[in-house]
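Asker: So the sequence shown is numbered by this note's numbering: it starts at 916 and just counts up by one.
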Amino acid sequence: MCGHATGNVSDYVLEAVKNGFEVIGISDHGITPRGFLRPYMDEAALKYYLEEIDAAKKEFPQIKILKGLENEFFRNNDSFYRNLLSKLDYLILGVHYYNDDMSFYQKSSFKIKNQENLLKYRDLAVKGIESGFFKIIAHPDVFMMEYPSWDETAIQVSNDIINACIKHNVLIEVNAQGIRKGKRDEFGKPLYPNENFFKIVKEKNAKVIIGSDCHRPTYLNDESFKAALEFAQTLGLKVEEELKL
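#1: Could you tell me the distance, in whole angstroms, from the CA atom of Gln-1030 to the CA atom of Thr-1068?
#2: Determine the burial state of Glu-1157: buried for a count of at least 16 other Cβ atoms within 10 Å of its Cβ, exposed for fewer.
#3: Alpha carbon to alpha carbon, what distance is there between Gln-977 and Gln-1021?
#4: Answer yes or no: do Leu-1086 and Ile-1124 have a C-beta to C-beta separation smaller than 7 Å?
#5: On the CB-based measure, 16 or more other CB atoms within 10 Å of its CB, does Ser-1073 come out buried or exposed?
#6: Taking the straight line between their C-alpha atoms, what separation do you get for Pro-1108 and Pro-1132?
#7: Nearest-angstrom Cα distance between Met-956 and Thr-947?
#8: Which residue's Cα is closest to the Cα of Arg-990: Gly-1047, Ile-1027, Asn-923 and Phe-1025?
#9: Report the option in Glu-974, Ile-941 and Tyr-927 whose CA atom is closest to the CA atom of Leu-961.
#10: If you reduce the DSSP assignment to three classes, tell me which class His-1130 lands in.
#11: So, using beta-carbon positions, are Val-1010 and Ser-1024 closer together than 7 Å?
#12: Taking all protein chains shown into account, decide if Val-1041 is buried (16 or more other Cβ within 10 angstroms of its Cβ) or exposed.
#13: What is the DSSP secondary structure of Val-928, reduced to helix, strand or coil?
#14: Please classify Gln-1148: is it buried, with 16 or more other beta-carbons within 10 angstroms of its beta-carbon, or exposed?
#15: Quick one: grab the DSSP three-state call for Tyr-1036.
#16: Which two residues bound the contiguous beta strand (DSSP E) that contains Ser-942?
#17: Whole angstroms are fine: how far does the CA of Lys-1050 sit from the CA of Leu-1039?
#18: Leaving aside the five residues before and after Ile-1241 along the sequence, list all residues of the same chain whose C-beta is less than 7 Å from its C-beta, in chain order.
#19: Short of 6 Å in beta carbon distance, which residues of its chain neighbour Ala-920, apart from the five on each side in sequence? Order them along the chain.
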């Protein structure tokens, strides 16, 4: 429904069944409180999406299907998120843009290159975590895609986000899509999931969950997903296998 993926809900659930999954969380990019902004849903798409999940639950009774969305956080929109959650099992916080106004498309969290913008990203991510609306934060380390170095600001931002997740019981996602994209640092390691970020997660004993972030059904349990799990296991992270509602 987001416009940059393939397949419908049943396609993803069928792939999960084929791979022996006991639970799958469906979490496309959700509607925003500011109207229809691509790549997010409009009201009609959201209605259809929720109906598709309900239909899949009837079609595949052998697997537990959780109804979710991945959403940006916009301040001062509590009633919007409460209304969404009344229709869902959970929300994922995805801070793809580090300012929360109508011009947010020009402020990509994937293209942060200086300390000032990194701190803006941190502020919005922490506010979203503190809101209580989200069970998971997606790819919190995505700022390392273009941030030039693992400096003191990157360390402080990471600590602040991780501490907020611990305090508010938000799971930190190890994101397989970052591996799937194939972008590496000078040591051949993925830019995200970022090893430096997750070493701090390990030090603080924070809880993580592996997110396939698959935009095609065949990606659900692919080599990138398995690599994300291996990444977490190698670092000794505390992996939650199922989202507790």
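Backbone N, C-alpha and C fix where the C-beta goes; we use that ideal spot for every residue, glycine too.
Answerer: The answer reads as follows:
#1: Taking the straight line joining both Cα atoms gives about 7 Å.
#2: Exposed, because fewer than 16 other Cβ atoms sit within 10 Å of the Cβ of Glu-1157.
#3: 43 Å
#4: yes
#5: buried
#6: 21 Å
#7: Straight-line Cα distance between these residues: approximately 8 Å.
#8: Closest option to Arg-990, judged by alpha-carbon separation, among Gly-1047, Ile-1027, Asn-923 and Phe-1025: Gly-1047.
#9: The residue with the shortest Cα to Cα distance from Leu-961 is Ile-941.
#10: coil
#11: yes
#12: buried
#13: helix
#14: exposed
#15: helix
#16: 938-944
#17: Between Leu-1039 and Lys-1050, the C-alpha separation is close to 16 Å.
#18: Residue coverage of the chain in this structure runs from 916 to 1160, which leaves residue 1241 outside it and unanswerable.
#19: His-1130
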